Amino acid sequence: MPSSTGPSIDTITEGGRVTQVGEGQEADEVAPSVMTFGAPAVGEVLAERYELAEHINDDSAGRQVWRGVDVILRRPVAVVLRYPGGDSAKEMLQAAVAASRVIHPNLVGVYDAIDEEDRAYVVREWVDGHSLRELVADGVLDPARATSIAHAIAGAISAIHATGMVHGNLHPGTVMVGDDGRVVLADARTDGADTPETDVRAVGGVLYYALTGHWPHAEASLTSGEGRRARTALADAVRDASGTIAAPRQVRAGVPAYLDDLTMDLLDSQLPVPSSDILAAELSRLDAAAEEQYLDSGPLRFTSGDDGGPDLPATGGRRMLIGVAALLVVALVGLILGINALVGGSPADDQAGPTPTAGTSNEPAAAGDPDPPLAKPQKVALKGSQVRVIDPGGTRTELDGVEKVVDGNPNEAWETETYKTDSKFGRNKPGMGILIDLGELRSVTSVQVQLSEGGASAELRSGDKNYDANSAGDKDLVEAYKRVGLPIDKSDGSGATMTFSSFEPDQKYRYLLLWITDLPEIDAGKYKLGVQEITVNSR
Numbered sequence: 002m003p004s005s006t007g008p009s010i011d012t013i014t015e016g017g018r019v020t021q022v023g024e025g026q027e028a029d030e031v032a033p034s035v036m037t038f039g040a041p042a043v044g045e046v047l048a049e050r051y052e053l054a055e056h057i058n059d060d061s062a063g064r065q066v067w068r069g070v071d072v073i074l075r076r077p078v079a080v081v082l083r084y085p086g087g088d089s090a091k092e093m094l095q096a097a098v099a100a101s102r103v104i105h106p107n108l109v110g111v112y113d114a115i116d117e118e119d120r121a122y123v124v125r126e127w128v129d130g131h132s133l134r135e136l137v138a139d140g141v142l143d144p145a146r147a148t149s150i151a152h153a154i155a156g157a158i159s160a161i162h163a164t165g166m167v168h169g170n171l172h173p174g175t176v177m178v179g180d181d182g183r184v185v186l187a188d189a190r191t192d193g194a195d196t197p198e199t200d201v202r203a204v205g206g207v208l209y210y211a212l213t214g215h216w217p218h219a220e221a222s223l224t225s226g227e228g229r230r231a232r233t234a235l236a237d238a239v240r241d242a243s244g245t246i247a248a249p250r251q252v253r254a255g256v257p258a259y260l261d262d263l264t265m266d267l268l269d270s271q272l273p274v275p276s277s278d279i280l281a282a283e284l285s286r287l288d289a290a291a292e293e294q295y296l297d298s299g300p301l302r303f304t305s306g307d308d309g310g311p312d313l314p315a316t317g318g319r320r321m322l323i324g325v326a327a328l329l330v331v332a333l334v335g336l337i338l339g340i341n342a343l344v345g346g347s348p349a350d351d352q353a354g355p356t357p358t359a360g361t362s363n364e365p366a367a368a369g370d371p372d373p374p375l376a377k378p379q380k381v382a383l384k385g386s387q388v389r390v391i392d393p394g395g396t397r398t399e400l401d402g403v404e405k406v407v408d409g410n411p412n413e414a415w416e417t418e419t420y421k422t423d424s425k426f427g428r429n430k431p432g433m434g435i436l437i438d439l440g441e442l443r444s445v446t447s448v449q450v451q452l453s454e455g456g457a458s459a460e461l462r463s464g465d466k467n468y469d470a471n472s473a474g475d476k477d478l479v480e481a482y483k484r485v486g487l488p489i490d491k492s493d494g495s496g497a498t499m500t501f502s503s504f505e506p507d508q509k510y511r512y513l514l515l516w517i518t519d520l521p522e523i524d525a526g527k528y529k530l531g532v533q534e535i536t537v538n539s540r
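If you count by the working numbering, then the sequence shown holds residues 2 to 540, one letter each, in order.
So, in structure tokens, the structure goes:
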């Protein structure tokens, strides 16, 4: 994927692999005809150094994008040519020169910018990989990967802001993910209306897009000057009747609350945003902690300081103060113990008897003592007799084999029949589900569902009673049960595992219903799903 300063997204097929070229905001405009007079040819060497190897495409600004080779350093490069040069290419060349001054592992490198009057060209790093737009087109990202990408981009933005510049063109087309996993940001193109705040808001937009597959045009493209950025054909954020965007957790299940809050805070124009370096530091913490299975991380919330100082993340500030206070307490206790040791203790010490050591007292904890730590979630052992198929309005020919979803063998599955014409069970019924009886009330932390195919839509429901195992009883159960796990967006093709984790910590559940509303397409016009394993974790 070559990097260019062009304002379009175009694709070509190279050796069976799609290569992304051009990353501008007006991603879906039709490219105009390109003037070819004086156009270079394969093998031509520019500036006695950059040999043109292949014409990749022409962007919507009329510039040519070439794959080339630096014949001195023997490395691949992307060459973006504009006809003519001179004043018409001034903005492109100035942006390239400014970008070349910022060196950061998450920024596309700019090597050269040359004006020959009849033409001008920028030589940049060639990146093999895909844009975030391409990646999400294949399926939304899991929260850990979305956090990692946002962390890399926030670091790049922070490096740009440290020089006094802004990027001004951050969106899914300018975020690149290399085949080696490296995340880079390309195509800085500020027009004077952008500020560091617009860049930080756009990081929230990138998070929202990675998690939901939707781009919040208005919220992520705010400018401080005239108007907004041009819209692309990217699907807008999910909105209610008033135009308010839905939170990522309302669009798909499995998004942690802290990441949901962070994303929505960044997109809320009523809240001040942190500086890019503070955001990068917070995302670094979340990115590192995402490796832990049971991350207990407070959300990054933004507050406006009354003392005129910089805006700080409330969570991080509280944790820092708590840590300092704890150190002061430890130091004070140590000082008191040291003084007592020097003076030989007080008379009261002689009469009080031995001091009990921690953990040996049989007295109940005092009212002010901290709560004991929460137990680590454990997998609930389920038997085949604790699950059954819910099939309201169906022919009830798909009830057998449901015990396979809790037998611990992912190679076996309960399967629906094959439906034709439509993913919604051929429009024959509203859905199907699997009812799980936990045997007793439990605090549930998460439910993981391993499926035979990605792309299904489902939600998790719960109720306080079981119903007769017949069509009428199943209908009553579905209507009585309330949703506790948010639905998976049908466009989610990122994998065949669903994770539901939006459970109230003080709520207990006995009955859980995995309610399936859309089936994945397994063949042209044929829809079917298998549920291989369901794992319930509880404290």
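The beta-carbon is built from N, C-alpha and C at its ideal position, and this holds for glycine as well. Please read all numbers here as calculations on a predicted model, not as lab measurements.
Membership of Thr199 in any beta strand (DSSP E) is not indicated; the residue belongs instead to the alpha helix (DSSP H) covering 197 to 213. The beta carbons of Leu268 and Thr148 sit no closer together than 8 Å. Judged by their CB atoms, Ala114 and Val123 are nearer to each other than the 8 Å cut-off. Under the three-state reduction of DSSP output, Glu118 falls in the coil class, being neither helix nor strand.
Straight-line measurement puts the Cα of Ala79 at about 15 Å from the Cα of Ala42. The continuous alpha helix (DSSP H) containing Pro249 extends over residues 249 to 252.
The distance from the Cβ of His168 to that of Leu142 is about 21 Å, inconsistent with a contact at the 8 Å cut-off. Under the three-state reduction of DSSP output, Gly427 falls in the helix class.
Counting only residues of its own chain and dropping the five nearest sequence neighbours on each side, Arg428 has a CB closer than 8 Å to the CB of Thr422. In terms of Cα proximity to Pro393, the closest of Pro431, Ala281, Leu108, Leu461 is Pro431. When Ser539, Ile158, Glu126 are compared, the shortest CA-CA separation from Pro378 is found for Ser539. Between Val479 and Leu439, the C-beta gap is not smaller than 8 Å, which leaves the two residues out of contact. Around the Cβ of Lys527, a 10 Å sphere holds fewer than 16 other Cβ atoms; the residue is exposed. Counting other Cβ atoms within 10 Å of its Cβ, Ala525 stays below 16 and is therefore classed as exposed. In this structure, Ser424 sits away from Gly531, with a CB-CB distance that is not shorter than 8 Å.
Ranked by how close their Cα comes to the Cα of Met177, the residues Pro106, Trp516, Ala459, Thr498 have Pro106 in first place. Annotation for Arg134: the continuous alpha helix (DSSP H) segment containing it runs 133 to 138. The straight-line gap separating the alpha-carbon atoms of Tyr259 and Arg64 is approximately 43 Å. Of all alpha-carbon atoms in Lys466, Ile158, Gly455, the one lying nearest the alpha-carbon of Leu280 is that of Ile158. Looking only at Arg484, Leu513, Gly434, the smallest Cα-Cα distance to Asp519 is reached by Gly434. Shown here for Leu436: same chain residues with a beta carbon closer than 6 Å to its own, the five before and five after excluded, namely Arg389, Ile391, Leu514 in chain order. The shortest CA-to-CA distance from Pro217 to any of Asp188, Asp195, Ser270 is the one to Ser270. Going by DSSP, Arg64 is part of no beta strand (DSSP E) at all; its letter is neither H nor E. Per DSSP, reduced to three states, the secondary structure at Gln508 is coil, with no helix or strand assignment. Short of 6 Å from the beta carbon of Arg511, and not among the five residues preceding or following it, lie these beta carbons of its own chain, in chain order: Leu439, Leu442. Contact annotation: Ser444 and Phe501 have beta-carbon atoms that are not nearer than 8 Å. Secondary structure of Lys405 (DSSP, three-state): helix.
Under the three-state reduction of DSSP output, Ala219 falls in the helix class.
Distance from the Cα of Ser89 is smallest, within the candidate group Pro77, Asp188, Asp119, for Asp119. With fewer than 16 other Cβ atoms from the protein chains shown falling within 10 Å of its own Cβ, Gly165 counts as exposed. Secondary structure note for Pro85: it is in no alpha helix (DSSP H), with a DSSP letter that is neither H nor E. The beta carbon of Asp71 sits closer than 7 Å to the beta carbons of Arg50, Tyr51, Val78 from its chain, once the five residues preceding and following it are set aside; these are given in chain order.
DSSP, read as helix, strand or coil, puts Val256 in coil. In this structure, DSSP gives Glu416 an extended state, which the three-state scheme calls strand. With fewer than 16 other Cβ atoms from the protein chains shown falling within 10 Å of its own Cβ, Thr419 counts as exposed. Taking the Cα of Met499 as reference, the smallest distance to any Cα among Ile73, Glu460, Leu284 is reached at Glu460.
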